[in-house]
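For the sequence shown, position 99 matches number 136 in the working numbering, and the numbering has no gaps at all.
Quick reminder that beta carbons are idealized off the backbone N, C-alpha and C, glycines included.
Below is one structure; the comments refer to it alone.
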Amino acid sequence: MTRAKLIELARREVERRASPDGGLLSAYLIGTVASGDPLLGDAADIDLVLIHDGEPVAEREVMPLSDLIHLDIHHHPRRLYAQPPPLRVHPWLGPALCQPVFLYDPTHFFERAQAGARGQFHRPDYVKARAIAFLERARRFHASLQQANRWLADYLVAVLDGANSGGTLAGFPAAGRRVALGLQSLSRELSRPEVYGGFLRLIGAEGVSQAEVAAWIASLARLYDVLSEVQAEPLLSPARRAYYLAGLQALGEAGDHEAAIWPLLHLWARCVRSLEPSAAEFHQADWDAARERLGLTPGQAQLRADQLETYLDHIEVVIEEWAEQHGA
């Protein structure tokens, strides 16, 4: 399956949905298909953004194309693009608008929005603004860690936002299955190894063996198979099984097992939160053991919160030093 074929599959779906009165303004691709490296473990998702004239019925939709390929469709309302210039400092949407693949734009609506958002995108003060936006997001999640039932989910997001806050000074933010490898590359480009090193320490990844990660992936696979048959949530769809699990396995088999830990934990936490109480006893033990090994149990939440706060304070210093060097 080539990148060109994936783009063509997305284009066909857009053509199928487009009609004179259908309310579809524009369509474009983001993510790894747009950036050029979509396959991991022979599986891929195609991140397709559809801009609607009105309010879309749903924000997210997953559409299987094969056992290994699916469309991950993001539905956006027109109003999201009403003020293009401020989008250049949006931490996620700004980078997405910078290098998309155009698929459908008959009225040039998206072209105009993109031009406004992309103008002077790399100007140092705009780069700093995106970094600060990530840092503020991280601090908001850090402040919510007292909620015991979701502390780990919020903690993982805060750790990633903090790392991306520093990393985005050097390029587009890291995301997806290769998120840790992306952060490693950004940290290296920035000449700040502590950005990536701190990220790994905060999730307990240092010193974990390939065999341990492989066992955790197997446990997650069993849980995912149970949940995906009864869950309506798009992100836990059976269509995404290979995308997640084959991708994680590929990272481990390539010797990048540390890089699999954040996406593994993020998905595992989502699955555990979706468990019915009657099913929890069959899957909780493996989850509890993994958290214990990584130092991410509820009993260690305060220690981890303190470590995260120290990390975010250091990232703020990194941003300010970068801004001073670049005149931002």
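Beta-carbon separation (whole angstroms), residue i vs residue j, contact threshold 8 Å
{"i": "residue 175", "j": "residue 195", "result": "5 Å"}
{"i": "residue 229", "j": "residue 355", "result": "6 Å"}
{"i": "residue 111", "j": "residue 97", "result": "6 Å"}
{"i": "residue 202", "j": "residue 227", "result": "Rounded, the Cβ-Cβ distance is 11 Å, inconsistent with contact."}
{"i": "residue 204", "j": "residue 223", "result": "3 Å"}
{"i": "residue 192", "j": "residue 345", "result": "7 Å"}
{"i": "residue 65", "j": "residue 147", "result": "6 Å"}
Residue i classed as buried or exposed, judged by whether at least 16 other C-beta atoms fall within 10 angstroms
{"i": "residue 180", "result": "exposed"}
{"i": "residue 93", "result": "buried"}
{"i": "residue 162", "result": "exposed"}
{"i": "residue 214", "result": "buried"}
{"i": "residue 248", "result": "exposed"}
{"i": "residue 165", "result": "buried"}
{"i": "residue 296", "result": "buried"}
{"i": "residue 131", "result": "buried"}
{"i": "residue 145", "result": "exposed"}
{"i": "residue 73", "result": "exposed"}
{"i": "residue 116", "result": "exposed"}
{"i": "residue 198", "result": "buried"}
{"i": "residue 109", "result": "buried"}
{"i": "residue 272", "result": "exposed"}
Residue i vs residue j beta-carbon contact at 8 Å
{"i": "residue 105", "j": "residue 279", "result": "yes"}
{"i": "residue 100", "j": "residue 76", "result": "no"}
{"i": "residue 83", "j": "residue 46", "result": "yes"}
{"i": "residue 299", "j": "residue 216", "result": "yes"}
{"i": "residue 67", "j": "residue 51", "result": "no"}
{"i": "residue 134", "j": "residue 154", "result": "yes"}
{"i": "residue 342", "j": "residue 182", "result": "yes"}
{"i": "residue 257", "j": "residue 304", "result": "yes"}
{"i": "residue 49", "j": "residue 70", "result": "no"}
{"i": "residue 338", "j": "residue 78", "result": "no"}
{"i": "residue 240", "j": "residue 286", "result": "no"}
{"i": "residue 294", "j": "residue 288", "result": "yes"}
heavy atom of the ligand NAD below 7 Å from residue i C-beta
{"i": "residue 297", "result": "As presented, the structure is devoid of all ligands, the ligand NAD included, so that no description of it is given."}
Exercise for the section: Decide yes or no for the touch test of the segment 292-310 against the segment 257-270: beta carbon pairs closer than 8 Å, at least 3 of them. Expected result: yes
Problem - Any alpha helix (DSSP H) of 4 or more consecutive residues that is wholly inside the segment 57-92 - result: 68-72
Exercise for the section: Run through the segment 106-188 for me and flag every whole alpha helix (DSSP H) of 4 or more residues, listed as ranges in chain order. Expected result: 121-124, 130-135, 146-155, 161-180
Practice task
May I have a chain-ordered list of the alpha helix (DSSP H) segments no shorter than 4 residues that lie completely inside the segment 251-281?
Solution key: none
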